[in-house]
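Here's the structure, in structure tokens; my notes come after.
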Amino acid sequence: MICVSLCAGNGPDVRAGMEEARKAGADLVEVRADFLHDRNEIRGILEGKPLPVLVTLRSAREGGRFEGTDDELFSFLENAASAGADLVDVEWRRSRSFSRGNSRVVLSFHDPAGTPEDLSDICARMQPLPGDLVKVAVRARGTSDLLRLLALPKPAILVAMGEFGEPLRILYGRYGGAMTFASLREGEETAPGQLSISRLVEEYRVREIDAETRIYGVMGNPVSHSRSPELFNRVFRHLGVNARYVRIPLDDPSLFRKGVNALDLSGVSVTLPHKSALVAALDEFDPAVAEMGAVNTVVVRDGRLRGFNTDAPGAVEAIREAASRRSPRGISVEKALVLGAGGVARAVAWGLLKEGTRVVIANRTLDRAEKLAAELGCDFLPWERRGDDAPKIVVNATRMGMEGTESPFPAERWREEMIVLDAVYTPRWTPFLREAKAAGAETVDGVALFLRQANLQCLRFLGRPIPPELLQGFESA
Ligand code: NAP
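In the numbering used here, the protein residues as written are 312 to 788.
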């Protein structure tokens, strides 16, 4: 069930919101009465309601605005129940018997600041009456908090606030959750991390998720910039595959396997900063993964994790193609500067070395450049001297540019004959690429790399590539 949470300050706006929520596909609405300027309006709001209504008067202690006494709270809930509320929220810590009429109770526990250590004890002490629902809504400060929430007894309404909770907001039904809360529109969230009803219904098609739905996701930290969910969900829809793709923030690589199991994942795109660390978590891998020491694609089969790397072939293909637009010589005779020493730098440098290209690595932290160069058998440069050499190929594999302000390459060193690849793809036009283009260099943006590696990843996930029309539509967006 999808419940749209409404936090308007007056009756007419709440009623308009109810109607809009109905049209958007909500199953019920939550009226956050702690936002109402005049709580007496609740009777008028419930009269002629177009959808079932959950009435909530959230206390300040649990993240709401109500600062009154228990007597005021229960007198309000009795009033709402007698006026036809289908459900009323009763905070477990304040719970007592009251005249609930025909209303069902959502017995709730909220912690807007974190996930208490004794969460399972709290749940064990929550004693709903038959027909009532239990709701546990906590702030997930990390991946382990999400995993603890997923391990709670079901059925229940489970909400993990904040970005770490996003998989549960979308896949709640898949994990035994009874309901998810959505905002009516973007920007009208009543809790951190809440998604809008249109994203749940249209982008993630949550209504069609069932026990057979295969789940894929991008795991890393951060993952909010990732466009993989947008791309793969379009691919699944287009190909009629019963699968969904979500963002799964992973702040601790040691929780990778536990997360894969708890979320019942069929495949993972690994992203920064875990591409190297997660090689050790795999059961099997492509020989290339062992050689380069970075994984970006994990396929789960019969509980075993198999790793691949699609960044390396994707980047080499893109650079080769860009170079061929300038000269038929190929890239084996050229010299490449790879900026960065993380997972992508490792994959791109390895791929170029395999082509016979001379590779030099420069990284902000010199030790990492030195170590990576030693592992791969190539040269390295101190970061301050990264513009000194005269490479033909320049690759940005740092995070610089994600904020849209900084370039990792000195502007005065660009030359027209250069071939330039930026791994950063949000934003698409980084200062690095803009400056290279202005100097007349041949550029490949991060979206082109993203699509190439995603296409190879799709082959691993589904055994077939991304339909060309989807790639073209995405590239020109
Ligand atoms: P990573 O393992 O976390 O490595 C990040 C690299 O960026 C490190 O070398 C780090 O240097 C450097 N860095 C970070 N902030 C910096 C700064 N302010 N100045 C200079 N260097 C800085 O990340 P990754 O997985 O390799 O990803 C790198 C980039 O590629 C990310 O932007 C990611 O979004 C992008 N990416 C794109 C695609 C695609 O398909 N287009 C695919 C994957 C990743 P230190 O060692 O000094 O910390």
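Think of the CB as a built atom: it goes at the ideal place given N, C-alpha and C, for glycine as much as any other residue.
Exclusion of P323 from the 6 Å shell around the ligand NAP follows from its C-beta lying no nearer than that to any non-hydrogen atom of the ligand.
In the displayed model, V609 falls within a strand according to three-state DSSP.
The alpha carbon of D338 has as its nearest neighbour, out of T737, P323, G531, P363, the alpha carbon of P363. Excluding the 5 residues flanking it on each side, I559 has same chain C-beta neighbours closer than 6 Å at P478, G528, M530, in chain order.
Around the beta carbon of H421, 16 or more other beta carbons sit within 10 angstroms, so the residue counts as buried. By a beta-carbon distance limit of 8 Å, I508 contacts V315. Their separation comes to about 5 Å. Approximately 4 Å separates the beta-carbon atoms of V655 and A708; this is inside 8 Å, confirming the contact. Taking the CA atoms as reference points, G614 sits about 27 Å from S431. At least one heavy atom of the ligand NAP sits closer than 6 Å to the Cβ of P584. Within the same chain, Cβ atoms closer than 6 Å to the Cβ of A759 are found at A629, the five residues on either side in sequence being excluded. Spanning the alpha carbons of W661 and A522 requires a straight line of approximately 40 Å.
In terms of side-chain proximity, the C-beta atom of M711 is found nearer than 6 Å to a non-hydrogen atom of the ligand NAP.
Residue burial is scored here from C-beta neighbours: A424 has fewer than 16 other C-beta atoms within 10 angstroms and is therefore classed as exposed.
In this structure, the beta-carbon distance from L458 to A573 falls below 7 Å. In this structure, P776 sits near L770, with a CB-CB distance shorter than 7 Å.
For the 7 Å CB-CB criterion, G667 and S643 form a contact. In terms of Cβ geometry, L593 and L616 form a close pair [threshold 7 Å].
Proximity of the segment 344-363 to the segment 327-336 meets the contact definition, three or more beta-carbon pairs being nearer than 8 Å.
Here the segment 618-629 makes contact with the segment 579-599; the two share three or more CB pairs at distances below 8 Å. Taking a cut-off of 8 Å for Cβ pairs, the segment 547-554 and the segment 499-506 do not touch, as fewer than three such pairs fall below it. G476 is not a Cβ neighbour of G453, given a cutoff of 7 Å. Per DSSP, reduced to three states, the secondary structure at P441 is coil, with no helix or strand assignment. The nearest non-hydrogen atom of the ligand NAP is 6 Å or more from the C-beta of N413. The three-state reading of DSSP puts C434 in helix, counting H, G and I together.
The Cβ atoms of A391 and I353 sit closer than 7 Å to each other. In this structure D345 is in contact with R369, their Cβ atoms being roughly 5 Å apart against a cut-off of 8 Å. Scanning its chain for C-beta atoms nearer than 7 Å, with the 5 sequence neighbours on each side dropped, one finds around F543 the residues Y527, Y556, in chain order.
Excluding its 5 nearest sequence neighbours in each direction, A633 has C-beta neighbours in its own chain below 7 Å: I730, E753, V755, listed in chain order. Of the residues assessed, G473 falls on the buried side of the cut-off, its CB having 16 or more other CB atoms within 10 angstroms.
Partner residues in the beta bridge of H421, as assigned by DSSP, are A448.
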